[in-house]
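Novice: Residue numbers (UniProt numbering): 1 to 614.
Following this message is one structure expressed as structure tokens.
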Amino acid sequence: MAGVLEERAAIEHEIAGRTLCEQFRWAAEENPDAPAYSDPDGAGGWRTLTYAEARRRVLEIAAGYAVLGLRPGEAVALMLVNRSEHVLADLGAVHAGAVSCSIYATFAPEQVAYVARDVGARVAVLGGPGDLARWEPVLGELPELTRIIMLEGAPEGDERFLSWEDFLVLGARAYAADPEAAERRWREVTPDDVLSVLYTSGTTGMPKGVPLTHANVLFEIAATQRMIDLPERGTQISYLTYAHIAERALSLYLPLFKLNHVYFCTDLAALATALGQVRPVLFFGVPRVWEKMAARLQALLAAQPADQQENVRAAMAAGLAYIEGQQYGHTVSPEVREAYERADAALLSVIRGLIGLDRALWCATAAAPMPPEVQRFFAGLGLKVIDVYGMTETTGAFTVNSPEVFRLGTVGRAEPGVEVRVAADGEILTRSPLNTRGYLGLPEATAELLDADGWLHTGDVGSIDEDGFVRIVDRKKELFITSGGENVSPAVIEGHLKEHPLIGQALAYGDGRPYPVAILTLDAEVAPEWARARGIAFESLAALAGHPDLLKEIEAAVEAANRKLARVQQVKRWRLLPVEWTAETEELTPSLKLKRRVVHARYADVIEELYAAG
């Protein structure tokens, strides 16, 4: 305990009095010509802003907000894809002394209205007509929202709307006329001021607002840097929504400390292309991103001649042994190292190059359980895809694996200055300066989150081993109890089911029932390729889901998963649906986690049929 408190005091001393605004000033003045942000130019290239250019634009935007009447402490709501304008609009609000709030673009209009009212948004910045369509039905319910800035498609003749171009001109003129006014705004910002309010993605009910301060964010960056030696002036890709704490911390805040060059991928479908162009030195993906990448590679490898497949399997066995041998408490023997170096030179480095990760020094995942076989697959390629663990409410990660100190299957050890313990009922608790002050305007929910001693209750069940590595079993509220009284984690079952590349999503159910059942969906990218490789004709994904050969393959996948599960966890019956689950169809959150209650309600008849068949 004493060591943790000493580390905490050292970090707090290091960041005392500092804000993100001051950090951006340092980055721009010390490294004015360093590339900061690059957007696709539409012709296969990139448009780039340097740190000096980006900061000047941010100060002009801050001046523009002031002209629009935005006062310190008020909020700017943002709904647009990842692009430099999102970052500039966000940081401009912060430099104006205001609060930024990125809103999930998948939120329904009523959720948008709730968030805008809850955070008290006075200005909104929207990407285009698609985003506006989510706001238009509820604009009449938002009298405090005085101006809406549109990057594209600003309606004419409505004084509430302003084009991005006109807003930039407004800000540039205001800044040129009185630059000291903008300077005063950001210099008056304090470490305890709220930097941003992020909203939980709403697996149940309305989302909850989580205020995060400058001090929260600076502690997170400082603690992480003590544990992970992330490269400076590295390249990275921003593609996950800025409404999610992981992307916000890694590609909006971290670059201001490491002087990284951020490339924006505006469409997840273009991520593979962006990876090949950028070849990032650090890359973060939620488990579903890694799963789909692994599934595509597995499908590609399965189409190769048998002798080449065997060569790849042998090389990946050497890669896996090498990565596993580097785990904390293990040793890499000279024989394992030599075998890996041969395999890497001959094949593994080539495969990493094919997916754009040949220069990656740090690869990580979080937000949901990572299937062990997916992690082992990438380890076979010589990539450490390490788990970190955190929440919006903890400003992102509070336990991490590092490339030097890691244990596969765990989410790492507590960051410096962070306390972590397991409650009597198995729930993970944490206490540190990373913790939010509470939910916005929700005292009862805050009391459930934070106890009187300052411990934050994560809602996750897990354990801590003798070396301090944390393992997460499942969400506390998502464990189900069978009619035989057995506690079962659906995430464990689902993880093994999704190890087969054909299975895109899986939901395990068994609360109060004699055994678990599963509802499955196909991977919309892998399944068609699987069918074409076998000469199977199909008209649609839905038609393919009923093909007898594919159903036999899925049956074999379920049997393979069951062999890895305890008897009480094994799936007795299952159903493959002729649909895909996405955030747009509402079975998944914007961060691609299952909305269990939505699936339970939507497919209640399927669940009943599965048990009736028994």
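For every residue, glycine included, the Cβ atom is placed at its ideal position computed from N, Cα and C.
Quick check on the burial criterion: 16 or more other C-beta atoms within 10 angstroms. Buried or exposed for LEU78?
Specialist: By the Cβ neighbour-count rule, LEU78 is buried, with 16 or more other Cβ atoms within 10 Å of its own.
Novice: Which residue wins for smallest C-alpha separation from GLU587, given the options ARG534, ILE519, GLN277, VAL418?
Specialist: ILE519
Novice: Under 8 Å: do the stretch 215-222 and the stretch 230-238 share three or more Cβ pairs, one atom per stretch?
Specialist: These segments do not touch.
Novice: Rounded to the nearest angstrom, how far is the Cβ of GLY153 from that of PRO129, given a contact under 8 Å?
Specialist: Indeed, because the Cβ distance is near 4 Å, the residues count as touching under 8 Å.
Novice: If we count the other Cβ atoms within 10 Å of its Cβ and call it buried at 16 or more, is LEU551 buried or exposed?
Specialist: exposed
Novice: Please classify ASN401: is it buried, with 16 or more other beta-carbons within 10 angstroms of its beta-carbon, or exposed?
Specialist: Answer is buried; the Cβ neighbour count reaches 16.
Novice: Might you give, ordered along the chain, the residues of its own chain that have their beta carbon closer than 6 Å to the beta carbon of ASP578, omitting 5 neighbours on each side?
Specialist: It is worth fixing the name first, because residue 578 is Pro in this sequence and not Asp. Excluding its 5 nearest sequence neighbours in each direction, PRO578 has C-beta neighbours in its own chain below 6 Å: ALA542, ALA545, listed in chain order.
Novice: Tell me the DSSP bridge mates of GLY390?
Specialist: Residue pairing for GLY390: DSSP places it in a beta bridge opposite ALA397.
Novice: Does DSSP classify SER163 as helix, strand or coil?
Specialist: strand
Novice: When the distance is taken between beta carbons, is ALA54 closer than 8 Å to ALA43?
Specialist: no
Novice: Taking the CB atoms as reference points, tell me whether LEU252 and TYR242 lie closer together than 8 Å.
Specialist: Contact flag set, yes.
Novice: Compare the C-alpha of ARG475 against each of ASP467, LYS498, LEU429, LEU440 and name the closest.
Specialist: Closest by C-alpha distance to ARG475, out of ASP467, LYS498, LEU429, LEU440, is LEU429.
Novice: DSSP three-state call for GLY462: helix, strand or coil?
Specialist: strand
Novice: Please report the distance separating the alpha-carbon of ALA366 from that of GLY412.
Specialist: 11 Å
Novice: Please list the terminal residues of the continuous alpha helix (DSSP H) segment that includes VAL115.
Specialist: 109-119
Novice: Please specify which runs of the alpha helix (DSSP H), each continuous and at least 4 residues long, are wholly inside the stretch 222-309, giving them in chain order.
Specialist: 255-258, 271-278, 287-302
Novice: On the premise that PRO207 lies in contact with VAL115, defined as a C-beta separation below 8 Å, what is that separation, rounded to the nearest angstrom?
Specialist: 6 Å
Novice: Hey, would you say GLU156 sits closer than 8 Å to ARG122, going by beta carbons?
Specialist: no
Novice: Return the CA-CA distance between SER333 and SER349, expressed in angstroms with no decimal places.
Specialist: If you take the alpha carbons of SER333 and SER349, they lie about 21 Å apart.
Novice: Quick check on DSSP: helix, strand or coil for ILE11?
Specialist: Annotated three-state conformation of ILE11 is helix, per DSSP.
Novice: Got a sec: does the ligand GDP put a non-hydrogen atom nearer than 7 Å to the Cβ of PRO590?
Specialist: In the structure shown, the ligand GDP is absent, as is every other ligand, since no ligand is present at all.
Novice: Kindly list the residues whose CB is nearer than 8 Å to the CB of LEU275, restricted to its own chain and excluding five residues on each side of it in sequence; keep chain order.
Specialist: For LEU275, where only same-chain residues beyond five positions count, the Cβ hits under 8 Å are ILE237, PHE283, ILE355, GLY356, LEU357.
Novice: Throw me the rounded Cβ distance for the VAL169 and LEU240 pair, which I believe falls under 8 Å.
Specialist: The pair is not a contact, with the Cβ atoms about 31 Å apart (cut-off 8 Å).
Novice: Measuring alpha carbon to alpha carbon, tell me which residue in GLU165, VAL81, ALA96 is nearest GLY127.
Specialist: VAL81
Novice: Among GLY319, THR394, LEU259, ALA222, whose alpha-carbon lies nearest the alpha-carbon of LEU49?
Specialist: Check the Cα spacing between LEU49 and each of GLY319, THR394, LEU259, ALA222: the tightest is with LEU259.
Novice: Apart from the five residues just before and just after ILE503, which ones in its own chain have a Cβ nearer than 8 Å to its Cβ?
Specialist: LEU497, LEU520, THR521, LEU522, ASP523, ILE554, ALA557
Novice: How would you label GLY17, buried or exposed, when you count the other beta carbons within 10 angstroms and need 16 or more for buried?
Specialist: exposed
Novice: Consult DSSP for ASP605 and reduce its assignment to one of helix, strand or coil.
Specialist: helix
Novice: Do VAL388 and ALA379 come within 8 Å of each other at the CB atom, strictly closer than that value?
Specialist: no
Novice: Here's a check: name, in chain order, each residue in its chain whose Cβ is nearer than 8 Å to the Cβ of ALA314, leaving out the five neighbours to either side.
Specialist: ALA343
Novice: Does the count of Cβ pairs from the stretch 59-71 and the stretch 182-189 closer than 8 Å reach three?
Specialist: yes
Novice: Considering only the beta carbon of each residue, do VAL526 and PRO501 sit closer than 8 Å?
Specialist: yes
Novice: For ARG602 and GLU404, I'd like the C-alpha separation in whole angstroms.
Specialist: 45 Å
Novice: Pull the bridge partners of GLY209 from the DSSP assignment, please.
Specialist: In the DSSP assignment, the residues bridged to GLY209 are TYR199.
Novice: Measure the alpha-carbon distance for PRO433 versus GLU165 and round it to whole angstroms.
Specialist: 40 Å
Novice: Cutting at 6 Å between CB atoms, please list the residues of its own chain near GLN505, excluding the five before and the five after it.
Specialist: THR521, TRP581
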